[in-house]
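Residue numbers (UniProt numbering): 1 to 279.
Think of the CB as a built atom: it goes at the ideal place given N, C-alpha and C, for glycine as much as any other residue.
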Amino acid sequence: MRHITKSYYVNEIPVIEIIDANLEDKAAPLAIFYHGFTGSKDSSMTFGNEIAKRGFRVIMPDAQHHGERRKYGVDLNVNGILFFEALMSNVKEFPEIVHFYRSKELIKDDFIAVAGMSMGGMTTSLILKANKEVNVAVVLMGSPQQIKFNDWIVNQYVSHGGEVDQLAPNAKTIYEYMTEYFKKYDLGLDPQAINQRPLLFWHSKQDPVVPYIYAEEFVEAAKNIPEGKYVYLKLDDQGAHKVPFIEMARMGEFISAAYNEEVENVYEVAEENFNKLWG
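The structure is reproduced here in structure tokens:
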């Protein structure tokens, strides 16, 4: 199987597309993968390849302030507000990306998958809450409880002697605005929005950057409602804030199973196919 990789713009959004050469101009199920904080579309290639090899058209956008959209001299690790702005921009731009491919009749069966790592995983949860047209989602070491995680970030900063307004000019006012903004998209505040769509979380218990507890809490709560019937969590005792290649493969199998099999058996089918590859 030979893949074609192309870089171009969807409106003004820089993206990379990966697609089987035989499907280049044909409709294929669409998958959008979002990178993490300080990453880029280029840093997501391995993730994208794992989905594309299963017959998907994979689109990897640069988030605002990242990749081609990163302004010279801007240090993302210094101005923490840019993290929140990137999240908000991803949510806003998702419908634009979908419309672009739908208008070209390139989305087979109108099937749309969304996945991401870290900040991209949080983006995935926010998009799942806001967009009923998403069919399946995979969150890799991201929090589905956005406001709780945002508060944790600020509390961590303050506990180490920082002041909120040192994060950026007028940071406290901006943060209060963003908290109100995220109330509309926080999946943790409305788990019913899953609406029985397959949703897989992966997280290392040793992750020092994004605590796994927010995913664990959410999945435990989701299991108690009908809408969360197909929510799954895989926790690893080892590792850190990095996704092992083997979990990229599991992501690909889960998305593929959601497209090719009955949802009732999505996790079992994905794991069976995964084990055939990895044992």
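(request) Taking Tyr185 and Ala222 to be in contact with their CB atoms under 8 Å, please state how far apart those CB atoms are, rounded to whole angstroms. (result) Incorrect: roughly 17 Å between the Cβ atoms, too far for contact.
(message) With DSSP as the reference, identify every bridge partner of Ser204, one or two as the case may be.
(response) DSSP lists Asp236 as the beta-bridge partner residues of Ser204.
(request) Measure the C-alpha to C-alpha separation of Pro208 and Met141 and round it to an integer number of angstroms. (result) Rounded to the nearest angstrom, the two C-alpha atoms are 11 Å apart.
(request) Kindly indicate which three-state DSSP category Arg102 falls into: helix, strand or coil? (result) Look at Arg102 here: in three-state DSSP terms it is helix.
(request) Put Glu133 into one of helix, strand or coil per three-state DSSP. (result) It is coil, neither helix nor strand.
(request) Return yes when the Cβ of Leu200 is within less than 9 Å of the Cβ of Val139, no when it is not. (result) In this structure, Val139 lies near Leu200, with their beta-carbon atoms less than 9 Å apart.
(request) Grab me the residues of Glu216's own chain with a C-beta within less than 8 Å of its C-beta, minus the 5 sequence neighbours each way, in chain order. (result) So the qualifying residues of the chain are His203, Leu233 and Leu235.
(request) Using beta-carbon positions only, say whether Arg54 and Leu23 come within less than 9 Å of one another. (result) Contact: no.
(request) For my contact list, Tyr181 and Met88 are in at a C-beta cut-off of 8 Å; report their separation, rounded to the angstrom. (result) Correct: roughly 6 Å between the Cβ atoms.
(request) Tell me, to the nearest whole angstrom, how far the beta carbon of Pro191 is from that of Val266; I am working on the premise that it is less than 8 Å. (result) Actually they do not touch by this definition, with Cβ atoms about 18 Å apart.
(request) State yes or no: is the C-beta of Gln145 nearer than 8 Å to some heavy atom of the ligand GDP? (result) As for the ligand GDP, it is missing from this structure, which has no ligand bound.
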